[in-house]
Every structure is written in C-alpha cells, then in structure tokens.
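Numbering (the numbering used here), first residue to last: 20 to 514.
Beta carbons: idealized from backbone N, C-alpha and C, even for Gly.
Nothing here was measured: the structure is a model prediction, and the numbers come from that model.
Below is one structure, written out as structure tokens; comments come after it.
So this is what it looks like as structure tokens:
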C-alpha cells in the first residue's frame, strides 16, 4: 500500500506536491486553514465581485515553463491570455512600456534614452545571455542547496560548458551589471529596473543577486499572461486533480501541531481531528515550524531553516476596488506600476503594482464592471505598534489612492474599496505577522544560501515561498515538485 501523505496548507506549492503524489496513487490529504484554495495566490468575494488576493500576473505558462509542464503532466486546463504589452510603468516624469518581445523592448527603451542607446542594448543582451545559461541549468529542476549524494549528482549532471560563464557573477549584486554598462547614473532607467526587481525579488538592484535578477528580468520576455479569474485558478485546478485521483482536500482545517510517533507522524487540527501520515508536506512558512513542532523535534530542523525563521520578512499592503467600466480611462492597461518617489524609494506606497480585470473576465466582475487590485511593499516592523497601526493604515490608504488616481482619476467613484493590511494577511493566509513573499532574493538568501525542502526530520518536507527557489507561483511550484521527487525517490520526472 502506498504511503499516506498529509499536506499542510492549500497554497500552490502544497497543492502541486499533493497533485503529483495523488496522480501516482499516494493517499493524499490536504488541510487548508482558510475557506479558499491558493494561499497568497487565492481569492475572496464581495457581493458580485471576485478579487485575487495577491499575485495577478502569470508567468511560467509558456512552452517549457514550470506551470505548462506540470499542467500537461496532470492534464490541467487553465485559461490565459498572452500579453504583448506586459505593463505600463509610470515614473514621476514619464511613462514607460514593458514589452514582451525582447528586441521590441530594447528598441523602445533605446528611443526613450537615446544618449544611452548602446548601453541599454549591451545591458539587455548581457541579461539575456546570463538568463539563457541559467535556464539551461534549471531545465532539469536541480535542488539547491544539495544535501544528499543524489542531489549533488543531479546538480553536477545539469552543468555544461556554458555554466562556467556564470561563475564570475555568482557573488555579484545586480548593481554590478548596471555599473558595468554605465547605467547606474541614469535615474529613470534605474528606477524602472528596480520596480521590476522589487515586485518579483522583494529587493532592488543594490542588493539583489545578479544571477537571479537576470532571470527575473528575462522571464517577462519568455511569456507573461493575464489569467482569467486570477492565479487562484491554478490552485483550484490542482485541488480538483487531487480529488479526481482519490485524494482528500478540506478547507477550514487549521493545523495546530505535528508530532512524531513510531510509524511516522500525527497531524492535529484545531477541531481535535488527528491524521496519521508517513510523510508530512509543510506548505507553511518556516516561521511556523516552531509553533507546530514539539521543542525536541524543532531542535532537529536544519540549522539554516531555524536561523532564517528568526529573520524579519517584508509584508504587503493591498487595496481592492470594484468600479464601473465607464469610470475607467479608455483602453486602460491591465497591469501598471506607479513609482511616486523622485528618489526611487520602493516601499510603503512609493511603488504600486496595479492590475485591472479584463473587460471580458466574468469570473471577477459582471458585464460593465471591473475590479482593481493594488499593492505595495511594507516594512512589518513599522506595523508592530498597536497604537500606530490604524494611523499607519489610514496614511497608506490615502497615499495609495493618490498614486492610483494618477492613472485612474475616477478611482474614488469605486463601489467597493477594501484594504488588506498585515493583520488581514495573517488572519486569512495564516502568515506569521502577515509576512508574504518569502525572503528577499539577496546574496544571503539565494542559490546555495537557500533553505532546502528537506527539513532535517525524516518524513517532514518543506515547500512554499520561504524555501528554494523562493516566492511567486513559479518558485513554489518548483519546491512542491522537489518534495514530490524526494517522496517518490525520483521514480517520476516531468517531461
């Protein structure tokens, strides 16, 4: 008889591991604390409207992308629309467009910065070369950091001659590349690049890993998609796949304790139910492990995971609107960034990522209506004071609305205006202190400095945005795949 696996958390990472295991006849049980699937890529509803709570721009669905590979393997069908223009980026004194086609993108930016045209071309060609080599290396989805002989062997076998070209950049931040091409002093271009990095890497060029930063900028050009409904549709498709293959998936079941017994593990939920398992897949952040495990078991967790679980995380402040289509500008872009700071500051409302629902997306809004999601990065330490919390929320709401008004002047006519502050994220997604997005992709946290999916305890596996390779639905899907591979002893691989 196959092993019994309990997955804690119905986010995309846990559901990916669960769906792959269920396809191969493992007895899978998924326990999700909230009433929705998807975690930080989930949704909530207000009256006639459905709002994606977090991630809205889809990547990894292109040919060879992780979502495409997993979707084909499991037979999933997910509606998506490829974007020729990925987004508009509004700087204080100009607006720039991010094109999906690489060379259209370069040509356009050269025209915007004619005195730096050669620099911009050489910069992007450098970015694309580096990203191409990284993609070759990652095609077999090797595990980092490798902890077993098998993981080291698979990593070494994925290396090729081109991989050697990456070595000089291994310990460089992304600003090295900007400096190399004499673009550090071009403020608008620097802020344009930083806007992309903060959104996907949780940090800017000064501290972002150069290798991972190149991959982050390049991936937009591999394929960027509008997802009908939202990225929660990926989570729902994975959940249905688990059910179709005999697994059990339950909402409203918050796990409060994981303990070992002679035959494996016992998982306890808040209602007093007990679930026996040979393997437990923990799709909660590593910051949750201390409260879930007995002290004796927690001491056996890998040192790096324990150390990083004590580090501060970024948070996000989100706002959600429902608006009449007639109150939107004509041909409004579906994805936009607004950078409000002359100095290029990217947190606390100075950088906004805004997504508007497609006019034909009936999953999100009735005909003639649209939804809008806006978010900004915040420093959670500024939100720890209870007395200042409500004031901070009011100040940030006003600042974000002011930023949104620069591109949607009638935003104050919205039928609904809903805010998602740290306590809301903590309550609805069970993220400790409301931290989302994992760790910033700085040199201290990426590649060999990542947290492994191996917890250090036999049969307890980690996935999600706090372990390798990091945040976003691409990252968590890869971590879920690594867990699947390890539980099945690498007997099954993606095509």
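Beta-ladder partner(s) of residue 173, from DSSP: Note: residue 173 sits in no beta bridge, so no partner.
Whole-angstrom distance between residue 210 and residue 55, CA atom to CA atom: 36 angstroms
Reduced DSSP category for residue 100 - H, G, I as helix; E, B as strand; rest coil: strand
Proximity below 9 angstroms, CB of residue 200 to CB of residue 138: yes
Bounding residues of the beta strand (DSSP E) (the contiguous stretch that carries residue 276): 274-280
Collapsed DSSP secondary structure at residue 295 in the structure displayed: strand
Within 9 angstroms, strictly: CB atoms of residue 327 and residue 485: yes
For residue 351, the three-state DSSP class (helix, strand or coil): coil
Residue 400: CB within 8 angstroms of a non-hydrogen atom of the ligand PLP: This structure lacks the ligand PLP, and indeed carries no ligand of any kind.
Element boundaries [beta strand (DSSP E), containing residue 180]: Premise fails: residue 180 is in no beta strand (DSSP E) and is neither H nor E.
Alpha carbon of residue 85 to alpha carbon of residue 406, nearest angstrom: 44 angstroms
Spatially closest choice to residue 82 from 28, 158, 47, 212, by CA coordinates: 158
Length at least 3, wholly inside the region 89-166: the beta strand (DSSP E) runs in chain order: 99-101, 104-109, 114-118
DSSP-derived helix/strand/coil call for residue 244: strand
Contact the region 146-153 vs the region 172-189: 3+ CB pairs below 8 angstroms: yes
Cα-Cα separation, residue 214 to residue 107: 11 angstroms
Euclidean distance between Cα positions of residue 225 and residue 207: 15 angstroms
For residue 218 and residue 147, believed in contact at Cβ under 8 angstroms, the rounded distance: Rounded, the Cβ-Cβ distance is 19 angstroms, inconsistent with contact.
Segments assigned alpha helix (DSSP H), at least 4 residues, entirely inside the region 192-228: 193-199, 206-220
Rounded distance between the beta-carbons of residue 338 and residue 438, thought under 8 angstroms: 5 angstroms
Sheet register partners of residue 342 (DSSP bridge): 389
CA-to-CA distance, residue 290 to residue 411, given in whole angstroms: 35 angstroms
Residues near residue 399 in its chain [Cβ-Cβ closer than 8 angstroms; skip 5 each side]: 331, 332, 333, 334, 441, 452, 453, 454
Distance, residue 358 Cα to residue 51 Cα: 36 angstroms
Assigned secondary structure, residue 480 (DSSP; H/G/I helix, E/B strand, else coil): strand
Residues of its chain near residue 297, where Cβ-Cβ distance is below 8 angstroms and the 5 sequence neighbours each way are ignored: 22, 23, 24, 282, 283, 284, 478
Where residue 414 falls, given that 16 or more other Cβ within 10 Å makes a residue buried: exposed
Delimiting residues of the beta strand (DSSP E) encompassing residue 47: 46-51
Whole alpha helix (DSSP H) elements within the region 440-501, 4-residue minimum: 441-448
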